[in-house]
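These notes are about the structure you will find just below.
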Ligand SMILES: Cc1ncc(COP(=O)(O)O)c(C=O)c1O
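In the working numbering, the protein residues as written are 1 to 404.
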């Protein structure tokens with residue numbers, strides 16, 4: 001007999017590092033999700049920018065079933081066909097020549113940061129080990145990635161953290177100029193800051209970051225863990241910035257919920273992760289790579305990519321309409337289907353109340369920090385679901401502000 005569990009079981013047996021909502025979904029299809037009682041929800045959160053093709057996409061379910069009946073795992077003592085096919089597609093479609101597979105965004109970043117240090121070690125001198133990242137950035141929760149991330153709260157109590165890391169404000173080239181030097185081995189940047197509040201990089205800023213990296217022989221690392229795989233309307237967001245990185249990390253939507261991450265690199269930089277320098281037991285396993293290959297095949301098509309801007313416009317128009325009635329947002333921004341709505345000053349710190357109120361109206365949404373409501377739905381969310389979800393959101397916000 002199946003063991004009966006409830007939300008209370010979480011508080012008994014799980015490490016308390018999360019505070020999950022009272023809802024326990026058991027099934028999803030497209031952008032709709034159901035709990036055990038059969039209650040239906042609309043999903044504007046996409047598992048935090050992960051389920052880019054919605055829940056239980058039939059092609060992905062078939063690919064997974066087929067691969068599950070063939071081969072699950074070998075470890076990297078042998079390669080496998082799905083990994084090779086996926087790597088071939090990722091390199092054909094991007095600036096990159098080489099791929100390293102990991103299981104998550106943090107691990108892909110860990111590989112990128114280690115590569116940056118190792119590249120400088122191979123080509124320059126020991127003092128050239130500094131990594132520059134941006135305030136409010138988020139790069140994962142391992143000790144190295146919280147240290148590179150620009151949010152002090154994620155490091156607190158975990159010191160001593162890795163050193164040789166500097167931060168400055170995003171979109172402020174003068175601050176970067178003041179701290180970049182011959183000691184810098186890499187500049188790490190999200191093309192659009194996700195967790196930091198859905199803030200896109202200015203094109204001119206990105207261009208100048210590239211120039212500074214070239215001037216100081218530093219690698220430019222784009223963290224596209226959240227912005228990648230179609231999220232912003234192109235396969236990777238860097239395509240819209242007109243700037244090519246040396247290294248790029250991708251995860252989240254790459255597996256549509258199946259854990260997989262990747263670090264993409266140029267031929268020249270990749271050489272520094274020579275045999276034996278880095279590794280992962282699961283990274284690049286055939287299950288993850290077969291699913292990711294199918295995700296890339298589906299996302300990187302004109303049908304899916306062209307639908308993203310169209311849906312962006314519908315969401316933004318809907319949020320503006322809500323704002324005209326309720327006057328709750330001071331800014332609505334984002335790229336593609338990574339959309340942020342920053343609350344007005346009188347609601348500062350209260351974006352989280354919109355999430356709780358939305359759940360009560362059977363809608364999943366996210367925050368990006370205390371002041372920004374974030375939407376990261378499926379890239380193929382049906383337009384009826386957008387309309388229905390926006391009307392639930394309006395009711396939720398109305399109730400949230402009545403109780404504020
Ligand atoms: C930009 C960025 N980098 C890295 C990560 C970490 O990814 P993961 O949680 O898969 O380790 C995230 C997760 O939110 C992210 O948004």
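Using N, Cα and C, we set each Cβ at its ideal position, and we do this for glycine too.
No experiment lies behind these values; they were computed from the predicted model shown.
*State the DSSP-derived secondary structure class of residue 193, mapped to helix, strand or coil.*
strand
*Between the Cα of residue 115 and those of 80, 402 and 269, spot the shortest distance and give me the residue it belongs to.*
When only C-alpha atoms are compared, the closest one is 269.
*Please state if the CB of residue 111 and the CB of residue 289 are separated by a distance shorter than 8 Å.*
no
*Over the uninterrupted beta strand (DSSP E) stretch that includes residue 339, give me the two end residues.*
Judged by DSSP secondary structure, residue 339 falls within the beta strand (DSSP E) whose first and last residues are 338 to 343.
*Are residue 329 and residue 344 touching if we call contact CB-CB under 8 Å?*
When the beta-carbon positions are compared, residue 329 and residue 344 come within less than 8 Å of each other.
*Just to check, is the beta-carbon of residue 225 closer than 7 Å to a non-hydrogen atom of ligand 1?*
yes
*If you scan the region 166 to 225 from start to end, which runs of the alpha helix (DSSP H) of 4 or more residues do you find wholly inside it?*
Taking only runs of at least 4 residues, the alpha helix (DSSP H) segments lying wholly in the region 166 to 225 are 173 to 179 and 203 to 215.
_So, for residue 25: in the same chain, excluding its five sequence neighbours on each side, which residues have a beta-carbon less than 6 Å away from its beta-carbon?_
33 and 35.
*Residue range of the unbroken beta strand (DSSP E) whose run includes residue 330*: 329 to 335
*Residue span of the beta strand (DSSP E) that contains residue 132, given as start and end*: 130 to 134
*Evaluate contact between the region 390 to 398 and the region 69 to 83, counting only Cβ atoms and requiring at least three cross-stretch pairs below 8 Å.*
no
*Evaluate residue 79 with the Cβ neighbour count: other Cβ atoms within 10 Å of its Cβ, from every protein chain shown; 16 or more gives buried, anything less gives exposed.*
exposed
*heavy atom of ligand 1 below 7 Å from residue 155 C-beta*: Relative to ligand 1, the beta carbon of residue 155 is positioned no closer than 7 Å to any heavy atom.
*Closer than 7 Å: is that where the CB of residue 106 sits relative to any heavy atom of ligand 1?*
yes
*asked:* Under 8 Å, with one C-beta from each stretch per pair, do the region 129 to 144 and the region 155 to 172 reach the 3-pair mark?
replied: When C-beta atoms of the region 129 to 144 are compared with those of the region 155 to 172, three or more pairs fall below 8 Å, so the two segments count as touching.
_Cut-off 6 Å between Cβ atoms - residues of its own chain near residue 266, not counting five sequence neighbours on either side_ = 97 and 246
*So is the beta-carbon of residue 139 under 7 Å away from any non-hydrogen atom of ligand 1?*
yes
*Cα separation between residue 318 and residue 309?*
If you take the alpha carbons of residue 318 and residue 309, they lie about 14 Å apart.
_From 313, 252, 254 and 221, residue whose alpha carbon lies closest to that of residue 238_ = 221
*Reduced DSSP secondary structure (H/G/I, E/B, other) of residue 41*: strand
*asked:* Would you call the region 277 to 286 in contact with the region 87 to 104, where contact means no fewer than 3 C-beta pairs closer than 8 Å?
replied: Touching, yes, given that three or more Cβ pairs across the two stretches are closer than 8 Å.
_residue 84: first and last residue of the uninterrupted alpha helix (DSSP H) it sits in_ = Residue 84 -> alpha helix (DSSP H) spans 81 to 93.
*Tell me, which residues are paired with residue 409 by DSSP?*
The structure shown has nothing for residue 409, since the chain only spans 1 to 404.
*Taking the runs of the alpha helix (DSSP H) that are 4 residues or longer, which of them lie wholly in the region 44 to 69?*
Taking only runs of at least 4 residues, the alpha helix (DSSP H) segments lying wholly in the region 44 to 69 are 46 to 49 and 58 to 68.
*Taking residue 272 as the reference, which of 57, 121 and 105 has the closest Cα?*
121
*With burial defined as no fewer than 16 other Cβ atoms inside 10 Å of the residue's Cβ, what is the status of residue 157: buried or exposed?*
exposed
*Nearest-angstrom Cα separation, counted from residue 214 out to residue 187*: When only Cα atoms are considered, residue 187 and residue 214 end up about 11 Å apart.
*asked:* The beta strand (DSSP E) that contains residue 372, what's its start and end?
replied: 372 to 375
*Report the residue from 106, 315 and 341 whose alpha carbon sits nearest the alpha carbon of residue 390.*
315
*Does the Cβ-Cβ distance between residue 21 and residue 359 come in under 8 Å?*
The Cβ-Cβ distance between residue 21 and residue 359 falls below 8 Å.
_First and last residue of the uninterrupted alpha helix (DSSP H) at residue 407_ = Residue 407 is absent from the model: the chain starts at 1 and stops at 404.
*Where residue 141 falls: helix, strand or coil (DSSP)*: coil
*Around the Cβ of residue 45, are there at least 16 other Cβ atoms within 10 angstroms (buried) or fewer (exposed)?*
buried
*Comparing the CB of residue 342 with every heavy atom of ligand 1, is any distance shorter than 7 Å?*
no
*Give the straight-line distance between the Cα atoms of residue 90 and residue 375, rounded to the nearest whole angstrom.*
Here the alpha carbon of residue 90 sits roughly 26 Å from the alpha carbon of residue 375.
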